[in-house]
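A.B. asks: This is the structure I have questions about; it appears just below.
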Amino acid sequence: MDFNLPEDLRDIQATVRDFMLNVVEERAHEIEETNGVPPELLRQAAELGLFGLSIPEEYGGVGLGMLGRCAVYEAMGQGHMGFGGVISAHASIGTSGLVKLGNEEQKRRFLPQMASGECIAGFAITEPSSGSDAANIRTKAEKRGDVYVLNGTKHYISNAPIAGLLTVIAITDPGKGTRGMSAFLVEPQSTPGVSIGKIDEKMGQKGALSSEVIFQDAEIPAENLLGPENLGYREALGILTNGRVGIAARSTGAMQRLLDLSVDHAKTREQFGQPIAEFQAVQFMLAEMEVAIQTSRVLWQKVAWMVDQGQDVRRMASVAKYHATEMLSQVADKAVQVAGGMGYMKESPIERYYRDQRLLRIYEGTSEIQKVIIARSLLA
């Protein structure tokens, strides 16, 4: 076993890390104050290929495998998490369904614009009545001639306010239960009957916008059906599986940033005539943070490798996401503790990470849902 990333991936990772720390972080306060990512940052991200990470080269993307994408996600985790949320929602669940299930015409129509960042994507499955219980979705798609008519409401949809394309999961055959779901490619800004609700006001992850998406007799061309009709609940959630590995990688990057900030603070902050790094209580917290990082990194690397080998990763993706996001929560708490009052102040990036990381234990499957998936797989 070789635990070193290939040199080309290390180079890409270093470039993205430098961009996040020296370009995006310089605009962090602006993102927080405006709840928006400056357009020039998105353009720079597009120039780096961040919007095309999962898109094959023949459609204008970078075409990285899962190991490569997750290496980039870890680097992204070391900068503003709201900015990273915009990119990851697009490059993972927003794009993966089309790459995996789309026909050639659909790919050539949408993927080049998605790779260039001209068309930002999102994934719409969550509804007011179905969060963790995704099998309970109520948005319906009725076939009428050469169109599907969609009615229903999605909410908390990442990137919805800025999205040019959404992958929408709806019920096409109520009689088949969880086997009666289908996926559709919807252009929300140009489709009559599709409206975007007000932008959600969240605790953290400023700049990563989400909102409701309302469908009122919205006519979607039949050629926008993604994959087979009634592809089923299992296939629909398969789109989320790889996204969970990416969240584990982003969480690892965030932990690394918090540890770096904590080590720097511990070396320079003095109490009782000596740096607080000399105190064993502080040393123990730093050591625990390092253990969390190393275990999380090994997990996401293993699962990303499994994806690239074509293996079934449903259980292990849940293991990686559950472990990394829970560890990030603990690391963020320790980072605040090491920084003391300074870590509680708005001008500190530690305070921002403390707020931002909380969402990672909820979206794309709560920690509790990950444990259910893991346990059922063990008992099957």
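Numbering follows full-length UniProt numbering, in which position 201 of the sequence shown is assigned residue number 201; successive positions increment by one, without gaps. The beta carbon of each residue, even a glycine, is placed where N, CA and C say it ideally should be.
Just curious, the beta strand (DSSP E) that residue 144 is in, first and last residue?
C.D. replies: Element bounds for residue 144: 140-144.
A.B. asks: List the residues that DSSP assigns as beta-bridge partners of residue 349.
C.D. replies: DSSP lists no partner for residue 349.
A.B. asks: Under 8 Å, with one C-beta from each stretch per pair, do the region 259-269 and the region 226-234 reach the 3-pair mark?
C.D. replies: In short, these stretches do not touch, since the Cβ pair count stays below three.
A.B. asks: Roughly how many angstroms separate the alpha carbons of residue 254 and residue 293, rounded to a whole number?
C.D. replies: Looking at the two C-alpha atoms, the distance is approximately 9 Å.
A.B. asks: Let me confirm a value: residue 345 is counted as buried when at least 16 other C-beta atoms fall within 10 Å, else exposed. Which label applies?
C.D. replies: Exposed, by the Cβ-count rule.
A.B. asks: Of the choices 309, 313, 324, 315, whose alpha-carbon is the least far from that of residue 289?
C.D. replies: The option with the nearest alpha carbon to residue 289 is 324.
A.B. asks: May I ask you to list the residues that DSSP assigns as paired with residue 122?
C.D. replies: Its beta-bridge partners are 166.
A.B. asks: Is residue 111 closer than 8 Å to residue 60 when the C-beta atoms are compared?
C.D. replies: Yes, these two residues count as a Cβ contact at 8 Å.
A.B. asks: Quick one: what's residue 154 bridged to in DSSP?
C.D. replies: The partner list for residue 154 (beta bridge, DSSP) reads 213.
A.B. asks: Is it true that the region 333-352 meets the region 311-324, where meeting means three or more beta-carbon pairs spaced less than 8 Å apart?
C.D. replies: Contact fails: fewer than three Cβ-Cβ distances are below 8 Å.
A.B. asks: On a CA-only basis, which of 215, 91, 307, 301 is nearest residue 148? Give me that one, please.
C.D. replies: Residue 215 is the option with its Cα nearest to residue 148.
A.B. asks: Please identify the residue among 174, 209, 108, 142 whose C-alpha is closest to the C-alpha of residue 82.
C.D. replies: For the residues 174, 209, 108, 142, the minimum Cα distance to residue 82 belongs to 209.
A.B. asks: With three or more C-beta pairs closer than 8 Å as the rule, is the region 113-131 touching the region 44-53?
C.D. replies: A contact exists between the region 44-53 and the region 113-131.
A.B. asks: Rounded to the nearest angstrom, how far is the Cβ of residue 213 from that of residue 165, given a contact under 8 Å?
C.D. replies: Not confirmed; about 12 Å, so no contact.
A.B. asks: Would you mind reading off the limits of the alpha helix (DSSP H) that contains residue 284?
C.D. replies: That run of the alpha helix (DSSP H) goes 280-308.
A.B. asks: For residue 271, list the residues DSSP reports as bridge partners.
C.D. replies: Paired residue(s): 274.
A.B. asks: Within this structure, are the beta carbons of residue 124 and residue 171 separated by less than 8 Å?
C.D. replies: No, the Cβ-Cβ distance between residue 124 and residue 171 is not below 8 Å.
A.B. asks: Please report the distance separating the alpha-carbon of residue 217 from that of residue 141.
C.D. replies: For residue 217 and residue 141, the distance between alpha carbons rounds to 9 Å.
A.B. asks: Where do the ends of the beta strand (DSSP E) carrying residue 198 lie?
C.D. replies: Segment 194-199, the beta strand (DSSP E) holding residue 198.
A.B. asks: Do the region 351-364 and the region 275-288 meet, that is, are 3 or more Cβ pairs less than 8 Å apart?
C.D. replies: No, the region 351-364 does not touch the region 275-288.
A.B. asks: What are the boundary residues of the alpha helix (DSSP H) that residue 116 is part of?
C.D. replies: Run containing residue 116: 104-116, per the alpha helix (DSSP H) assignment.
A.B. asks: With DSSP as the reference, label residue 339 as helix, strand or coil.
C.D. replies: Helix at residue 339.
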